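Just so you know, the protein sequences line up as chains H and B, in that order. Note that the numbering used here has the first sequence beginning at 8, numbered continuously upward. Note that the numbering used here has the second sequence beginning at 8, numbered continuously upward. Note that beta-carbon positions come from the ideal geometry of N, C-alpha and C, so glycine has one too. Just so we're clear, the structure is a prediction, and the values are computed from it rather than from any experiment. Working notes, beginning with the structure itself.
2 protein chains.
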Amino acid sequence: MAKTTPGRAMVKQNSGARERRRHRGSDRVTIQDVALLAGVAPITVSRALNTPERVSSKLRERIEQAVSTLGYVPNLVAGGLASAKMRMIPVVVPSLSILTFIEVIHGIQQTLEEAGYQVLLGSTDFDLDREASLIDSVLGYSPSGVILTGLRHHEGAVRRLKAWGHPIIEIMELGDEFIDMNVGVDNHAVGACMAQHLVSQGFRRIAYLGTGMSRDYRAMQRFEGHRQVLEQAGLECEVLFRREEPSSYQAGRRLFLEALESRPDLEALHFANDNLAAGAVMEANRRGIRVPEEIAIGGYLGLSLGEHLTPSLTTVTVPRFEMGVEAAKLMLARLEGRTPPSAKVDIGYELTVREST
Amino acid sequence: MAKTTPGRAMVKQNSGARERRRHRGSDRVTIQDVALLAGVAPITVSRALNTPERVSSKLRERIEQAVSTLGYVPNLVAGGLASAKMRMIPVVVPSLSILTFIEVIHGIQQTLEEAGYQVLLGSTDFDLDREASLIDSVLGYSPSGVILTGLRHHEGAVRRLKAWGHPIIEIMELGDEFIDMNVGVDNHAVGACMAQHLVSQGFRRIAYLGTGMSRDYRAMQRFEGHRQVLEQAGLECEVLFRREEPSSYQAGRRLFLEALESRPDLEALHFANDNLAAGAVMEANRRGIRVPEEIAIGGYLGLSLGEHLTPSLTTVTVPRFEMGVEAAKLMLARLEGRTPPSAKVDIGYELTVREST
DNA sequence: AAGCGAAATGGTAGCGCTACCAAAATACCC
DNA sequence: GGGTATTTTGGTAGCGCTACCATTTCGCTT
Numbered sequence: 008m009a010k011t012t013p014g015r016a017m018v019k020q021n022s023g024a025r026e027r028r029r030h031r032g033s034d035r036v037t038i039q040d041v042a043l044l045a046g047v048a049p050i051t052v053s054r055a056l057n058t059p060e061r062v063s064s065k066l067r068e069r070i071e072q073a074v075s076t077l078g079y080v081p082n083l084v085a086g087g088l089a090s091a092k093m094r095m096i097p098v099v100v101p102s103l104s105i106l107t108f109i110e111v112i113h114g115i116q117q118t119l120e121e122a123g124y125q126v127l128l129g130s131t132d133f134d135l136d137r138e139a140s141l142i143d144s145v146l147g148y149s150p151s152g153v154i155l156t157g158l159r160h161h162e163g164a165v166r167r168l169k170a171w172g173h174p175i176i177e178i179m180e181l182g183d184e185f186i187d188m189n190v191g192v193d194n195h196a197v198g199a200c201m202a203q204h205l206v207s208q209g210f211r212r213i214a215y216l217g218t219g220m221s222r223d224y225r226a227m228q229r230f231e232g233h234r235q236v237l238e239q240a241g242l243e244c245e246v247l248f249r250r251e252e253p254s255s256y257q258a259g260r261r262l263f264l265e266a267l268e269s270r271p272d273l274e275a276l277h278f279a280n281d282n283l284a285a286g287a288v289m290e291a292n293r294r295g296i297r298v299p300e301e302i303a304i305g306g307y308l309g310l311s312l313g314e315h316l317t318p319s320l321t322t323v324t325v326p327r328f329e330m331g332v333e334a335a336k337l338m339l340a341r342l343e344g345r346t347p348p349s350a351k352v353d354i355g356y357e358l359t360v361r362e363s364t
Numbered sequence: 008m009a010k011t012t013p014g015r016a017m018v019k020q021n022s023g024a025r026e027r028r029r030h031r032g033s034d035r036v037t038i039q040d041v042a043l044l045a046g047v048a049p050i051t052v053s054r055a056l057n058t059p060e061r062v063s064s065k066l067r068e069r070i071e072q073a074v075s076t077l078g079y080v081p082n083l084v085a086g087g088l089a090s091a092k093m094r095m096i097p098v099v100v101p102s103l104s105i106l107t108f109i110e111v112i113h114g115i116q117q118t119l120e121e122a123g124y125q126v127l128l129g130s131t132d133f134d135l136d137r138e139a140s141l142i143d144s145v146l147g148y149s150p151s152g153v154i155l156t157g158l159r160h161h162e163g164a165v166r167r168l169k170a171w172g173h174p175i176i177e178i179m180e181l182g183d184e185f186i187d188m189n190v191g192v193d194n195h196a197v198g199a200c201m202a203q204h205l206v207s208q209g210f211r212r213i214a215y216l217g218t219g220m221s222r223d224y225r226a227m228q229r230f231e232g233h234r235q236v237l238e239q240a241g242l243e244c245e246v247l248f249r250r251e252e253p254s255s256y257q258a259g260r261r262l263f264l265e266a267l268e269s270r271p272d273l274e275a276l277h278f279a280n281d282n283l284a285a286g287a288v289m290e291a292n293r294r295g296i297r298v299p300e301e302i303a304i305g306g307y308l309g310l311s312l313g314e315h316l317t318p319s320l321t322t323v324t325v326p327r328f329e330m331g332v333e334a335a336k337l338m339l340a341r342l343e344g345r346t347p348p349s350a351k352v353d354i355g356y357e358l359t360v361r362e363s364t
C-alpha cells in the first residue's frame, strides 16, 4: 500500500499523549504514568528517583507521592538499556558445592544488595573455556561490574574484559597480573605458613595431601609454598598424595588411610583444605588413631567445623566472608566513582593452632 | 531553534543506514552489524539466533559465520526490554549462611544455567518485609520467572505476584496455598517421622531442640509433627529447648549441654537440623558422653557431615540438591510452554538410621 | 501454467528509560 | 535593575532488540 513512499516520510499522527496501553505494552505502570500524575516530565521523575538532589524538594515530594500512589516499580531493564548499565554484578566461581566460594559469595551478596546491586551467579566447574563463554554471556546483561575467581582465565576473555572498561575484581588469589582489581590471599604464603608450623613443631616426615589439584591450581600454589619450606629446612618432600575427585570429608578419610598405609612412618599430614583434614580427623577417631600423638593433621580455610572436632583442627584461617565484603566494597567504590586507595587488597590469613598438631 | 514546529512533524533526514556509532553508542557489535555483514535484515539475525528452525539453513549458516567473525554477543538487556523477558530467574532465600539453601540454589543454578538462564541471588534474612521489597525490585529486571522460599509472604507481594503472570515456584515447604507452583517437603511429616523413629526405638523422654524458631517457622512445623506423634504415643511433650540465634555447631553444643543439665533424665534429643545435632554429637564426644547409650540424638537434613561423625548421625534426609533441580525443571517446563504434570512436587524424604539412635 | 497455502524474509514501530542539550526559573552580583 | 552564573526543568532522540504484520518466495496441487 503506502509502500511507494520510500520511508517514513510522513507526519506522525496525533503525536500527542493519550492513547497509552498500545501494541504490546503490558499494563505496567511506567514513568510516564507517574509523570502525568505528578504533573511533570518523565525525565524529571527519572531524576527524582536516581539523583534526588538535582530536583527541587517540592517536585520531589509530589513525585514520591505519585510513585507510591501508583505503586510504580522502575523497569530496570529499560533503564539499563538506556544507560548501558544494569545494577547487577555477576559473580563467577568455579563451583557452588565448595563452601569457601559460598562464604565469599555471601559476603559479596550482602554488601552489594545493601547498596542496591543484585548478584548474578555463575559457575564454571573449573573449566576456563566455560568461564570464558559464561563471561561473554553475562556481559550481555550489561552489568555494572564483574567479579571473577582467580587470576587465570581464557586469553580471549581477558582481552575482552580489558577492553570492556568497567570494574572487574579477581578474588581468592593474589598476584601481579590482574585485569583491574584484585582481592585475595597469598596461597604460596599460606602453604608455607602451615609447613613452617609443622616443621617448628618438630615433625620431620610431612606429607601434603590434596584432591583435584590439576584443576584447583591454588592448592598447587599452597603446595609449592609447603615444598619450599621443607626444602629450606633440609627435609625431604617427595610426598604428595592426591586424588582426582572433589574435596569432601569422604575423600579426606580415604586420603588419610592411603597415606598411613603406604607410609606408616609419616608424622604429620598437611591437607589442602579443611574438608579433607576434617575427614581425616574423623577417620582417625573412628579407628582410634590418636591425633596428634600418632600423627598430626593440619588444614587450610578455618571451617567452623574444625573448631568443634575432637581433636580440634589446626588450620590456616582465611576470612572468606570478609574477602567477599572487601571485594564488594572495592567494587562499590569504583562504581560510585571513588578511587580506592589500592587496586589490590591482601585479605590476610592467620595460623590457628589447635589440638591436632 | 526549530522549536516552533510543534512536534516531530518533519521528514526524518537520511533515514538510510550508514552513520552508525552515533550519540552514546558504545562501539559494541550489534545485531545490525551482523545483519549487514550477512546481507540480511536484523530481524532475520534475531530469528537465526532465537528460533533457528524458522530460518533457512543457507541464511542461518551465513549469519552464524558473521556472528563469529564479528564476535557478536547479543545484548540481553535490549532483547529483554523488547520482549519483556530477561533470561534470568531470581532465587530469593532467607539466608546464604545456611547450607540447606545453598545446596538447593546449587541444584537450581546448575539446571538453569545449562538451559541458558542466569540465577539472580536475593536474601531476606527471614524478614517478610524485606522479602517483599526484594521481590518488587527483582521484578524490575523483568525476569522470566521467580523462585521463592516458603509459602508465607507479605500479603501485598503475593497479590502483585499473582497478577504478574509469569512462572513462580515456592520451594522448601509443601502446602495447598501456593501462588503458582510448589516444590518441597512436608515438614510436618518429617518431624513426625523422626519422632516416630525415636518412639519406636523405645525412648520415652524425648525433647525437641531448635534455634531461631520464631523466624524459621518450618522448624516449628516439624516440631508440630513431633508433638503429635508423642501425644498419640501417650508421651509427654512439654520439652522444647530453644535459643534465638542462628543454627550452628556451637549452638548445638550449647543446646545439648543445657538440655542435659536441666533434664538429666532425657533419653533422646530430636534436633531441628543436622547442624545442631552434629554440634551435639561433637560435644558428647568431647565430654565422653556415650551416644546413644546415655542419650540418643536425631537430626534433620542429611548433611554429609553426619555420616562421618562417630557415632554417625541418624537423620531425616531431604534431597536438597535434587529439590533445586526439580524446581528448576518445573520452571523450565513452564518457560518452554510445556504444561508440567503437576504444579506441586513432593520431593520426599528418607529416614536414615545410623549409630546415634 | 495457474492457483494456493505455507514458509521465509523484511519493514515498522515501539519496549521504558536516560543522555544530551536547550530552555526556563531562580539566585546572585555590582 | 539589568545582566550573568547557576540551578531546575523539559524536549528529543535513541539504547539494541523483538512483536506484529506485510510481503515475498517457494513448493505443491490440479
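Best match in the options for proximity to residue i [C-alpha to C-alpha]
i             : options                    : result
residue 312/B : 305/H, 304/H, 284/H        : 284/H
residue 188/H : 207/H, 112/H, 157/H, 243/H : 157/H
residue 228/B : 197/B, 213/B, 98/B         : 197/B
residue 151/H : 68/H, 338/H, 324/H, 347/H  : 338/H
residue 144/B : 289/H, 78/H, 90/H, 239/H   : 78/H
residue 264/B : 105/B, 240/B, 294/B, 236/B : 294/B
residue 82/H  : 44/H, 47/H, 122/H, 40/H    : 40/H
residue 110/B : 242/H, 114/H, 104/H, 111/H : 104/H
residue 274/H : 280/H, 242/H, 249/H, 324/H : 242/H
Beta-carbon spacing of residue i, residue j below 8 Å
i             : j             : result
residue 119/B : residue 258/B : no
residue 177/B : residue 146/B : no
residue 85/H  : residue 88/B  : yes
residue 322/B : residue 309/B : yes
residue 192/H : residue 306/H : no
residue 98/H  : residue 128/H : yes
residue 358/H : residue 277/H : no
residue 180/B : residue 225/B : yes
residue 116/H : residue 53/B  : no
residue 253/H : residue 218/H : yes
residue 299/H : residue 221/H : no
residue 95/B  : residue 190/B : no
Straight-line Cα distance separating residue j from residue i
i             : j             : result
residue 201/B : residue 361/B : 12 Å
residue 142/B : residue 125/H : 12 Å
residue 317/H : residue 287/H : 12 Å
residue 215/H : residue 246/H : 7 Å
residue 366/B : residue 351/B : With chain B represented from 8 up to 364, any question about residue 366/B goes unanswered, as that position is not in the structure.
residue 260/B : residue 159/B : 30 Å
residue 149/H : residue 207/H : 52 Å
residue 138/B : residue 166/B : 14 Å
residue 182/H : residue 232/H : 15 Å
residue 51/H  : residue 107/B : 45 Å
residue 353/H : residue 301/B : 49 Å
residue 340/B : residue 135/H : 30 Å
residue 328/H : residue 326/B : 27 Å
residue 171/B : residue 140/B : 15 Å
residue 269/B : residue 319/H : 27 Å
residue 29/H  : residue 333/B : Model confidence at residue 29/H stands at a pLDDT of 44, short of 50, so the residue's coordinates are unreliable and nothing is read from them.
residue 203/B : residue 211/B : 11 Å
residue 256/H : residue 91/H  : 45 Å
residue 153/B : residue 49/H  : 29 Å
residue 9/B   : residue 55/H  : Reliability of the predicted coordinates at residue 9/B is poor, the pLDDT of 31 falling under 50, and the value obtained from them is presented with this limitation in mind. Cα-Cα distance, rounded: 29 Å.
Within chain B, the residues that residue i reaches when beta carbons sit closer than 8 Å
i             : result
residue 359/H : Ordered by position in chain B, no residue passes the 8 Å Cβ test against residue 359/H, which lies about 16 Å from the chain.
Contacts that residue i makes with chain B (C-beta to C-beta distance below 9 Å)
i             : result
residue 143/H : 78, 80
Residues that residue i contacts on chain H, provided the C-beta gap is smaller than 9 Å
i             : result
residue 130/B : 113, 116, 117, 120
Proximal chain H residues relative to residue i, where beta-carbon distance stays under 7 Å
i            : result
residue 93/B : 84
Near the ligand ATP: residue i beta-carbon under 7 Å from a heavy atom
i            : result
residue 53/H : No copy of the ligand ATP occurs in the structure displayed, which carries no ligand at all.
Open item on the list: By the 9 Å beta-carbon criterion, what residues does the stretch 269-297 of chain H contribute toward chain B?
Closed with: 285, 286, 289, 290, 292, 293
- [ ] Give, in chain order, every residue of the stretch 313-328 of chain H whose Cβ lies closer than 7 Å to some Cβ of chain B.
- [x] 315, 316, 317
Open item on the list: Taking beta-carbon pairs under 9 Å, can you tell me which members of the stretch 143-162 of chain B lie near chain H?
Closed with: 143, 144, 145, 146, 147, 148, 149
Task: Residues, ordered as in the chain, of the stretch 244-261 of chain B that lie near chain H by beta-carbon distance below 9 Å - done: 255, 256, 257, 259, 260
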